[in-house]
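Report on the following structure.
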Amino acid sequence: LGPLMDPILAPPGLIRPEPLIDPHFWTDPVRAQRAVDVIVEALSGLDPEGGPFYRERGGALSRSIQAVHADVARQAETWRRRRLVTLHGSLFYFAARYGLQVVGVVLTVPGTEPTAQHMAALVAELRSPDPPVLFSEPQMESLVATALAREAGAGVHQVDPLGGGPKAASYEDLVRGIAAAMDEALR
Numbered sequence: 766l767g768p769l770m771d772p773i774l775a776p777p778g779l780i781r782p783e784p785l786i787d788p789h790f791w792t793d794p795v796r797a798q799r800a801v802d803v804i805v806e807a808l809s810g811l812d813p814e815g816g817p818f819y820r821e822r823g824g825a826l827s828r829s830i831q832a833v834h835a836d837v838a839r840q841a842e843t844w845r846r847r848r849l850v851t852l853h854g855s856l857f858y859f860a861a862r863y864g865l866q867v868v869g870v871v872l873t874v875p876g877t878e879p880t881a882q883h884m885a886a887l888v889a890e891l892r893s894p895d896p897p898v899l900f901s902e903p904q905m906e907s908l909v910a911t912a913l914a915r916e917a918g919a920g921v922h923q924v925d926p927l928g929g930g931p932k933a934a935s936y937e938d939l940v941r942g943i944a945a946a947m948d949e950a951l952r
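At the far end of the sequence shown sits residue 952, using the working numbering, and the numbering has no gaps.
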């Protein structure tokens, strides 16, 4: 699905020296709606008899996603801070949709420790006059983010861009959870 979702390139230097396609398109509800349409059409093509059911369920899901997007867009208007440092490059789509900017990524290669030079650059960013907000994720080890926050004298907030836990039983819950984390950290 990713190539069909108008992929975003992570800016050069944030994750890799060259631009890198961010695969986390689902953090943008508008792209998720597009994914629903693509999936409904694919399933309807494979199972024409089931097409009306897929279209009905897809339509209901699209309306639900539209409502969540509208709610999050209203919330985003209240966020005073706009700059983020994320544990890994998972929020570029969400940031782009809601007027935020990812200015740093802690783990450019998940599971690999960042270099001292990379950590020093992030500390400097977190100590800047307009400091970004640092986010960790429950699915990934956050010791590096905690150490970074301590060194920079910054806080660290948790955001769940993947879901799968009891707080994100549905796609809509996942997006609401991301928005709630932003709401807490960016006001």
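A virtual CB, placed ideally from N, CA and C, is assigned to each residue, including glycine. These numbers come from a predicted model, not from an experiment.
For residue i, the residue or residues it bridges with in DSSP
{"i": "Ala775", "result": "Leu785"}
{"i": "Gln923", "result": "Ser901"}
Rounded straight-line distance, which links the Cα of residue j to that of residue i
{"i": "Thr776", "j": "Pro784", "result": "For the record, residue 776 in the displayed sequence is Pro; it is not Thr. Spanning the two alpha carbons is a distance of roughly 5 Å."}
{"i": "Pro782", "j": "His834", "result": "32 Å"}
{"i": "Ala917", "j": "Gln923", "result": "17 Å"}
{"i": "Leu769", "j": "Ala860", "result": "19 Å"}
{"i": "Ala825", "j": "Arg941", "result": "18 Å"}
{"i": "Pro931", "j": "Leu939", "result": "10 Å"}
{"i": "Leu852", "j": "Leu872", "result": "6 Å"}
{"i": "Arg862", "j": "Glu842", "result": "12 Å"}
{"i": "Ala945", "j": "Gln840", "result": "9 Å"}
{"i": "Ala885", "j": "Gly815", "result": "56 Å"}
{"i": "Arg915", "j": "Gly864", "result": "28 Å"}
Residue i - containing beta strand (DSSP E), residue span
{"i": "Gly869", "result": "Gln866 to Val870"}
{"i": "Arg848", "result": "Arg848 to Thr851"}
Beta-carbon spacing of residue i, residue j below 8 Å
{"i": "Val867", "j": "Leu849", "result": "yes"}
{"i": "Pro794", "j": "Ile830", "result": "yes"}
{"i": "Ile786", "j": "Gly854", "result": "no"}
{"i": "Ser901", "j": "Ala912", "result": "no"}
Local Cβ density within 10 Å of residue i, reported as buried at 16 or more and exposed below that
{"i": "Gly778", "result": "exposed"}
{"i": "Pro897", "result": "buried"}
{"i": "Phe790", "result": "buried"}
Endpoints, the alpha helix (DSSP H) within which residue i is located
{"i": "Arg915", "result": "Leu908 to Ala917"}
{"i": "Leu769", "result": "That residue, Leu769, is in no alpha helix (DSSP H); it is neither H nor E in DSSP."}
{"i": "Glu761", "result": "The requested residue 761 is not part of the displayed model; the chain covers only 766 to 952."}
{"i": "Val837", "result": "Gly816 to Ala841"}
{"i": "Tyr959", "result": "Residue 959 lies beyond the range of the chain shown here (766 to 952); nothing can be said about it."}
{"i": "Ala933", "result": "That residue, Ala933, is in no alpha helix (DSSP H); it is neither H nor E in DSSP."}
{"i": "Ile804", "result": "Pro794 to Leu811"}
{"i": "Arg956", "result": "Because the chain in this structure spans residues 766 to 952, residue 956 falls outside the shown range and cannot be described."}
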